[in-house]
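J.: Chains as they are written, first to last, in our numbering: chain R, 43 to 522; chain P, 43 to 522. Note that CB positions come from ideal geometry on N, CA and C, so glycine has one too.
1) So with CB distances below 9 Å, who are the chain R contacts of residue 30/P?
2) Just to make sure I have the definition right: I need the residues of chain P whose C-beta is within less than 8 Å of the C-beta of residue 93/R. Which are they?
3) Among 490/P, 137/P and 462/P, which residue has its Cα nearest to the Cα of residue 288/P?
4) Between the region 188-206 of chain R and chain P, which residues of the former have CB atoms less than 7 Å from a CB of the latter, in chain order?
5) Would you kindly check if the distance between the Cβ of residue 385/P and the Cβ of residue 77/R is under 8 Å?
6) Tell me where the beta strand (DSSP E) around residue 339/R begins and ends.
7) DSSP on residue 469/R, reduced to helix/strand/coil?
8) How close, in whole Å, do the beta carbons of residue 434/P and residue 442/P come, if the pair is a contact with beta carbons under 8 Å?
9) Could you name the residues of the same chain whose beta carbon sits closer than 6 Å to that of residue 174/R, not counting the 5 residues immediately before and after it, in chain order?
10) Helix, strand or coil for residue 368/R per DSSP?
11) For residue 352/P, which residues from the same chain have a beta carbon less than 6 Å from its beta carbon, with the 5 sequence-adjacent residues on both sides left out?
12) Could you pull out every residue in the same chain whose Cβ sits closer than 7 Å to the Cβ of residue 231/R, ignoring the five residues on either side in sequence?
13) By the criterion of Cβ-Cβ separation under 8 Å, what are the contact partners of residue 391/P in chain R?
14) Identify the continuous alpha helix (DSSP H) that holds residue 414/P and give its terminal residues.
15) Okay, do the region 279-297 of chain P and the region 313-322 of chain P touch, 3+ Cβ pairs below 8 Å being the bar?
16) I want to verify the contact list: residues of chain R whose CB lies under 7 Å from the CB of residue 159/P, in sequence order.
17) Work out the CA separation of residue 501/P and residue 67/P for me, nearest whole Å.
18) Go through its chain and collect everything with a Cβ distance to residue 410/P's Cβ below 7 Å, but skip five positions before and after it.
19) Using the DSSP secondary-structure output, state which residues sit across from residue 491/R in a beta bridge.
20) I want to see whether chain P comes within less than 8 Å of residue 385/R, judged by CB atoms only; does it?
21) Just the C-alpha distance for residue 86/R and residue 163/P, rounded to the nearest angstrom, thanks.
22) Report the three-state DSSP secondary structure of residue 173/P (helix, strand or coil).
23) Which same chain residues end up closer than 8 Å to residue 137/R when comparing Cβ atoms and leaving out the 5 residues on each side of it in sequence?
24) Spatial neighbours of residue 75/R within its chain, please: C-beta separation below 7 Å, excluding the five flanking residues on both sides.
25) Contact check, residue 477/R vs residue 466/R under 8 Å by CB: the rounded distance?
26) Does DSSP put residue 117/R in a helix, a strand or coil?
27) I need the DSSP call for residue 381/R, collapsed to helix, strand or coil.
28) Could you pull the start and end residues of the alpha helix (DSSP H) that residue 479/R belongs to?
29) Can you pull out the residues from the region 127-138 of chain P whose beta carbon lies closer than 8 Å to at least one beta carbon of chain R?
30) Mind checking if residue 356/P is an interface residue toward chain R, Cβ cutoff 8 Å exclusive?
31) I'd like to know whether the C-beta atoms of residue 83/P and residue 105/P end up nearer to each other than 8 Å.
32) Could you pull the start and end residues of the beta strand (DSSP E) that residue 159/P belongs to?
33) Flag this pair as yes or no: are the beta carbons of residue 248/P and residue 227/P separated by less than 8 Å?
34) Does residue 444/R come within less than 8 Å of chain P when only Cβ atoms are used?
35) Would you check if the distance between the CB atom of residue 440/P and the CB atom of residue 459/P is smaller than 8 Å?
36) Which same chain residues, not among the five before or five after residue 112/P, have their C-beta less than 7 Å away from its C-beta?
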């Protein structure tokens with residue numbers, strides 16, 4: 043395919059994309075396929091000779107679309123949102139064309155520098171403490187990770203390294219293995235599963251802190267656990283707080299937890315994967331109070347800030363803590379400017395060596411929406427969640443299961459878990475809207491998350507009519 | 043920005059991309075900027091109100107392009123190639139629009155299923171042993187990782203988990219920490235720095251195996267190290283072999299190393315990040331002989347198979363080894379089909395939970411080029427490296443420093459390291475071509491890698507003329 047053909051096919055693809063997104067609500071949001079559906083639709087081997095491009099495009103509708111869960115349908119209310127916006131799509135086209143691999147400053151200076159500056163922009167939008175802003179002389183700064191899971195893992199590994207070095211400094215006779223076996227990390231029992239996974243990868247013990255009635259961790263319980271563990275000879279070294287849990291969007295009390303971590307010389311990481319985007323609105327920013335005690339902070343603009351996946355923003359107070367843990371400098375990656383102190387080699391900040399030019403997406407989205415445009419988007423989605431909450435509250439058969447603070451509503455039919463499981467099964471089967479469940483205090487709960495950019499009051503109302511219609515049918519059935 | 047404006051801006055962007063790639067050789071391949079150049083060119087904060095789109099596009103030339111190292115310039119011979127092709131760019135546009143997050147089968151079935159089938163296609167193109175092919179009943183299979191670093195890390199973590207479980211089964215009184223402190227991983231002293239980094243992350247000891255005159259690891263030296271370490275009470279558990287090292291594209295002798303690993307119950311991972319793509323050509327496939335002894339195998343189609351970053355292909359013999367290590371199943375990620383045995387939840391296969399629909403790029407590229415088209419591309423690039431090798435060999439002032447097997451030529455001026463460092467400095471400063479160095483047997487060596495899709499004989503000849511011109515100038519200078 044030469045440039046001329048790409049011009050033609052590219053225009054066609056732009057139209058296909060625009061049509062897809064414009065008419066997405068006409069497609070069933072959840073696909074009607076069985077596991078293994080795809081194998082019978084395509085050959086078992088790659089073609090020896092080139093296929094016809096038109097056949098490939100025909101196959102997009104024949105093979106691909108029937109198996110897509112349409113995350114950008116306004117009837118998609120599952121998981122959390124995945125960002126998708128036209129400006130981000132345009133920036134991604136440019137990112138693909140430039141196709142640089144930004145592992146070091148020299149491998150493409152702008153790829154590193156724009157990332158640092160965009161993380162500063164975003165940090166300022168969130169009103170993060172000054173020590174998280176790189177500026178020209180800061181000791182901290184931001185980085186784009188692929189996912190929150192990676193940010194959590196990186197923070198835990200950096201904390202582990204720091205804790206081992208400190209313990210060895212005061213007990214030089216102790217082996218690293220001995221120290222690591224005494225280290226304890228903590229997180230909420232409501233934390234995302236990737237937090238526990240990080241501890242398994244890092245080979246350290248992790249304890250789950252019980253939550254209060256609002257599914258949040260407070261200082262009291264945490265302090266008690268620390269005292270017990272220290273008395274047992276263990277070394278508490280890391281706490282991962284959550285702002286906006288996956289199950290119910292609960293907020294740990296970081297103003298209580300942060301000072302405890304600081305006092306105990308523990309690393310506090312804050313995972314605000316979903317909720318973090320909302321902190322650009324002054325009315326939500328108080329939920330981030332306490333971030334000044336944190337060593338690292340992360341949220342996913344690729345969830346709720348209109349920047350397509352992947353773009354997980356992470357800040358550290360002291361960059362040296364992160365990059366000092368696993369720095370490697372072979373000759374083929376060295377470059378002249380490396381010792382200048384002015385530059386950043388992002389390969390030391392994460393797991394992967396190679397990195398895409400992802401800050402372009404941030405630059406396009408921030409400029410094309412402006413801060414006010416992004417705030418309006420967040421507020422609209424929270425408003426839609428409140429609208430859904432009112433609908434639920436007005437129906438005596440249902441109950442709200444957790445405070446609605448952002449774009450997520452946790453609700454259920456008053457009654458057994460079985461009844462709610464049945465309702466969800468019917469919802470999934472109907473394919474008109476898509477939800478997933480969670481578990482709160484042993485109860486099976488339905489999660490209704492405002493996800494798509496184009497979700498409007500009309501879709502929320504329709505979704506509720508659909509849910510109540512299915513509820514009506516279920517409750518008519520003999521065994522209920 | 044609405045769909046209508048996206049149609050217009052999208053077409054403009056397609057043209058911009060086509061123009062950029064068509065005329066890329068007119069840009070200096072390496073940018074003339076100092077660290078920190080970008081901050082003075084853009085505001086210190088994001089705009090409150092939307093910027094004008096035309097201004098953003100103007101800024102692409104004003105702010106972005108001056109800081110780009112142009113990896114797709116035909117004069118770029120640094121590092122290893124980063125793939126870039128029009129079909130992959132088109133597929134990525136579609137991937138962005140669908141914007142699904144494929145952490146589980148249910149989250150978008152086609153995203154998982156196409157990935158499994160594309161990895162089967164690619165595995166068959168490489169003539170991988172049957173146990174790596176997922177098919178409908180296989181115990182192994184393939185997965186897309188972001189980078190080779192992640193594939194290495196995942197294999198090491200899976201191996202660690204397996205080794206600990208085995209050691210605990212025979213010595214139930216031993217703690218995990220005790221066992222981990224005895225584990226030893228091995229790799230070539232020529233292995234990529236990310237391999238050693240994986241051992242630091244995994245918290246296990248790693249030893250570097252010395253290489254032979256061709257910078258490759260053979261069975262003899264490896265066996266000797268194992269015997270000594272076992273005699274010292276250590277537990278060898280993992281070996282990462284390299285096919286195509288970063289410094290000189292050397293190939294470890296896996297037909298010797300594989301049986302040793304198998305006999306010792308060690309996990310053998312093969313990292314063929316760059317060279318792996320060439321194994322689709324029957325004439326290069328013998329270099330992969332011995333893969334039948336491996337537990338996992340990885341290479342980067344995003345390097346040399348025309349599929350844009352990121353797309354690192356990894357296969358495992360037993361998927362249970364990989365996913366068994368860190369499986370987590372919260373309710374919000376459970377779905378109906380999960381226990382069917384027919385399906386794959388790729389979130390268990392890697393570090394990140396979220397995943398883009400990257401197999402679309404593979405599908406487009408395999409079909410639009412066909413296997414023969416991809417083979418022709420590999421052969422052309424190897425041919426260009428051979429052409430450069432002949433030019434070097436014909437000039438008595440230079441020497442070739444490692445056998446030229448694929449698209450990489452390691453060469454230097456006969457003489458001191460200082461002289462070669464000076465030559466590279468001049469090359470970098472001229473910005474007409476771009477190379478990076480490596481170190482081989484203590485010598486400073488220049489790496490000339492055929493990278494861009496559009497590099498032709500003409501560019502190789504020009505590069506050589508340029509290098510010899512600079513050499514001539516240097517050798518004229520008084521102190522030489």
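T.: The relevant details are as follows:
1) As shown, chain P starts at 43 and ends at 522. That puts residue 30/P outside it, with no answer to give.
2) 409, 410 and 412
3) 490/P
4) 188, 189, 191, 192, 195 and 199
5) yes
6) 338-341
7) helix
8) 6 Å
9) 165, 182 and 357
10) coil
11) 188 and 344
12) 250, 251, 252 and 253
13) Under the 8 Å cutoff, chain R gives no residues; its nearest Cβ is about 12 Å from residue 391/P.
14) 401-435
15) yes
16) 80, 81 and 84
17) 10 Å
18) 129
19) 450/R
20) yes
21) 7 Å
22) helix
23) 398, 399, 400, 402 and 403
24) 108 and 109
25) 7 Å
26) coil
27) The predicted model places residue 381/R with a pLDDT of 49, which falls under 50 and marks its position as unreliable; any figure quoted below should be read in that light. DSSP places residue 381/R in helix when its eight states are reduced to three.
28) Not the alpha helix (DSSP H): residue 479/R falls in the beta strand (DSSP E), residues 478-482.
29) 127, 128, 129, 130, 131, 132, 134, 135, 136 and 138
30) no
31) yes
32) No beta strand (DSSP E) contains residue 159/P, which is instead part of the alpha helix (DSSP H) from 151-167.
33) yes
34) no
35) no
36) 66, 69, 71 and 118
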